[in-house]
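Remarks on the structure that follows.
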Amino acid sequence: MHGNTPPRTGAPQIGGPPDLVAAWPNERPLAVMTADSGRWTLIAAPRVCRPIGADADFVELGPLNRPQRATPDEPPLRSGWMLVLAYGLGGLYEPTACSGDAVGGPFGFILDIPGVLAYDRQNGVWTAFGDAPEMSRPAVAEGFSVGPLTSVPGRAGYLAMVRRGLGAIGAGDVYQVNLAHRLSARFGGSPRAFFAALMRRAEPIHGMYAEIPAFEGTSVCSASPELFLRYDARTRRVVTRPMKGTRPIDADPDELRHADKDRAELNMITDLMRNDLGRVCEFGSVRVDTPRAIEPHGRSVLQATSTVSGTLRQGLSHADLLAATFPPGSVTGTPKIRAMQLIDELEPTPRGFYCGAIGWLDDSGDMELNVAIRTAVIARGELHYHVGAGIVADSDPEAEWGETLDKAGGLAGAIGGDQHIVIPPSTVMP
3 MHGNTPPRTG
13 APQIGGPPDL
23 VAAWPNERPL
33 AVMTADSGRW
43 TLIAAPRVCR
53 PIGADADFVE
63 LGPLNRPQRA
73 TPDEPPLRSG
83 WMLVLAYGLG
93 GLYEPTACSG
103 DAVGGPFGFI
113 LDIPGVLAYD
123 RQNGVWTAFG
133 DAPEMSRPAV
143 AEGFSVGPLT
153 SVPGRAGYLA
163 MVRRGLGAIG
173 AGDVYQVNLA
183 HRLSARFGGS
193 PRAFFAALMR
203 RAEPIHGMYA
213 EIPAFEGTSV
223 CSASPELFLR
233 YDARTRRVVT
243 RPMKGTRPID
253 ADPDELRHAD
263 KDRAELNMIT
273 DLMRNDLGRV
283 CEFGSVRVDT
293 PRAIEPHGRS
303 VLQATSTVSG
313 TLRQGLSHAD
323 LLAATFPPGS
333 VTGTPKIRAM
343 QLIDELEPTP
353 RGFYCGAIGW
363 LDDSGDMELN
373 VAIRTAVIAR
383 GELHYHVGAG
393 IVADSDPEAE
403 WGETLDKAGG
413 LAGAIGGDQH
423 IVIPPSTVMP
C-alpha cells in the first residue's frame, strides 16, 4: 500500500496539463492519466515499471484498503498503479485465439504510482496527493518532428483485407470483425511534447501516457475516447461503454444517428460486452443502461456509444473481470475468439499496445481502463499509429478505409495537418 500524505493544493505557474507534460524535467519519469470523463488529469513520476509475466497475475499488487474518495471533488486515483496492457494479453486468457503477438510478450507493464499531481478542469486548480512530485515551475519545453505517415499495408492492401473479412462474414464464421492498418513515420524530439500536442488537439476523455524505458525506450501516447472498464470497489459495479460508428466532428449527428449499418454494428458489440460481463457478474445484474448515444469526442469525431453495467460477483477479483472481458469487444468482433483468429490471419503487423487497455488501479481497489485506440507508440525514432474499422455484412471497403482515416484526424492535427498522411502503393494481399 502507498502512503497517505495529506493533499497539498496550490497554483504553481505551470499552466494546464499539456504545458506541464511538454516541459516535464527529463530526469524525472512521467505518467499521465485522464479520469472522470476528462474532468481530472493526473500526472505522476512512477517509481517502478515492471513487465507482466505469462501468469498474468498482475493485479494482485498488495493490500487494497485505503478508503475511497469521499466526494467527486477528489480525484479517483491518488496512489496506486498504472496498467499498460498489450492486445496480445488476450492470447493468455484465450490461447485458441492464437494472437501472433501474444507469444513471447510483452503482455504489458505495471507502473507504481506513489502519488499524483491532480488538475481539476472545473476550477483550474492543481492538488498534490500522496508522494507526488513537488509543484514547481517546469523546465523549458522541447519540440518534436514527425515525418510523412505511411500505411501498412496501404489502401489496396486494406481493401483486400476488408474483402476477405466480408468473405468470412458471408461464410458464417463471424458477424463482425474489426480490421486495422498501421500508420508509421520517423519521429524526432520529445514524445512528451508530442503527447502534449495530442492532448490539445484531441482533448481525450480517456487519455493516457506511459514511458517504458526497459522496453526499447517506448512511450505510449493514447488519446482514447472509449471507456473499457470502470470498477467501483465499494459497490462492485462495473461499467463499459463500447463505441461503434464514427463521423468527422463537422458531420450531421442525425446522419450517424439514423445509419442502419452503424446501429447494427454497435448493437452486436453491446450484446457481446453484455455477455462478457455476464460471465462474472451477479445473475440479473447486467443491463444496457444506454442502448445508443451520439457524442462528440474532442475536436475530431462524433461517436456512437452504448453503456452496459453489472455487479461483479462476490469472491471474484480484478483479474477475473479482465479474464472475462479482455481484449475489448469493440476492437475484436463477434464471436470474439473467431474474430481474433481472423485479425491474426489478416492484419500484416502486430497490434502491440493498440487495442489493449491503459488505465489505473487505485489503492482502494477502484479501477478504470480505456480501450487503447487513437494510440501512438514511439520507440527507436519511429511513431506507429493503428487505425481500424468494424466490418459487417453490408460494409463498403472504400467507406471503411475512409473511416480509418477519419480516426487519424487527431493525430494529423497534432502534427500539423492532413498533408502528413500519405498512402503509397502497396502489395495487395492474396
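The opening residue of the sequence shown carries number 3 in the numbering used here; numbering runs sequentially from there.
No residue lacks a Cβ here, since even glycine has one placed at the ideal position from N, Cα and C.
Since we're looking at a predicted model, the values are computed, not measured.
Runs of alpha helix (DSSP H) with 4 or more residues, each lying fully within the stretch 291 to 375, are found at 320 to 327, 338 to 348, listed in chain order.
Contact check for residue 226 against residue 30 fails: the beta carbons are separated by 7 angstroms or more. The C-beta distance from residue 235 to residue 390 rounds to 32 angstroms, too long to fall under 8 angstroms, and the pair is not in contact.
Straight across, the Cα-Cα distance linking residue 170 with residue 176 is about 6 angstroms. Approximately 14 angstroms separates the beta-carbon atoms of residue 354 and residue 373; this is outside 8 angstroms, ruling out the contact.
Three or more beta-carbon pairs separated by less than 8 angstroms are not found between the stretch 338 to 347 and the stretch 148 to 164, which leaves the two stretches without contact. Secondary structure note for residue 115: its beta strand (DSSP E) is the uninterrupted segment 110 to 115.
Per the coordinates, the alpha-carbon of residue 128 lies some 15 angstroms from the alpha-carbon of residue 40. Between residue 89 and residue 329, the CB-CB gap stays under 7 angstroms. For residue 131, DSSP records a beta bridge to 118. Residue 26 carries a coil assignment under DSSP once its states are collapsed to helix, strand and coil.
Taking all protein chains shown into account, residue 146 has 16 or more neighbouring C-beta atoms within 10 Å of its C-beta and is therefore buried. Here residue 54 carries a coil assignment [DSSP, helix/strand/coil]. In terms of Cβ geometry, residue 360 and residue 148 do not form a close pair [threshold 7 angstroms]. Rounded to the nearest whole angstrom, the CA to CA distance from residue 154 to residue 317 is 45 angstroms.
Remark: C-beta atoms of residue 293 and residue 311 do not approach each other more closely than 7 angstroms. If you ignore the 5 residues before and after residue 46, its C-beta comes within less than 6 angstroms of the C-beta of 33, 115, 118, all in its own chain and listed in chain order.
By the beta-carbon neighbour count (other beta carbons within 10 angstroms, threshold 16), residue 343 is buried.
Per the coordinates, the alpha-carbon of residue 91 lies some 12 angstroms from the alpha-carbon of residue 85.
For residue 143, the closest of 26, 319, 395 by C-alpha to C-alpha distance is 26. Spatial neighbours of residue 402 in its own chain (CB-CB distance under 7 angstroms, excluding positions within 5 residues in sequence) are listed in chain order as 164, 391, 393. For residue 204, the number of other beta carbons within 10 angstroms of its own is at least 16, and it is reported as buried. For residue 250, the enclosing beta strand (DSSP E) covers residues 245 to 250. The Cβ atoms of residue 77 and residue 42 lie closer than 7 angstroms to each other. Here residue 351 has 154, 184 as same chain residues with Cβ atoms under 7 angstroms from its own Cβ, once five neighbours each way along the sequence are excluded. Taking the C-beta atoms as reference points, residue 248 is found no nearer than 7 angstroms to residue 122.
Boundaries of the alpha helix (DSSP H) around residue 164: 156 to 172.
Where residue 233 is concerned, the enclosing beta strand (DSSP E) starts and stops at 229 to 234. Judged by DSSP secondary structure, residue 266 falls outside any beta strand (DSSP E) and instead within the alpha helix (DSSP H) spanning 262 to 280. Residue nearest to residue 382 within the set 269, 233, 216, 208 is 216 (criterion: CA-CA distance). Taking a 10 Å sphere around the C-beta of residue 404, we find fewer than 16 other C-beta atoms and assign the residue as exposed. For residue 130, the closest of 191, 199, 44, 213 by C-alpha to C-alpha distance is 44.
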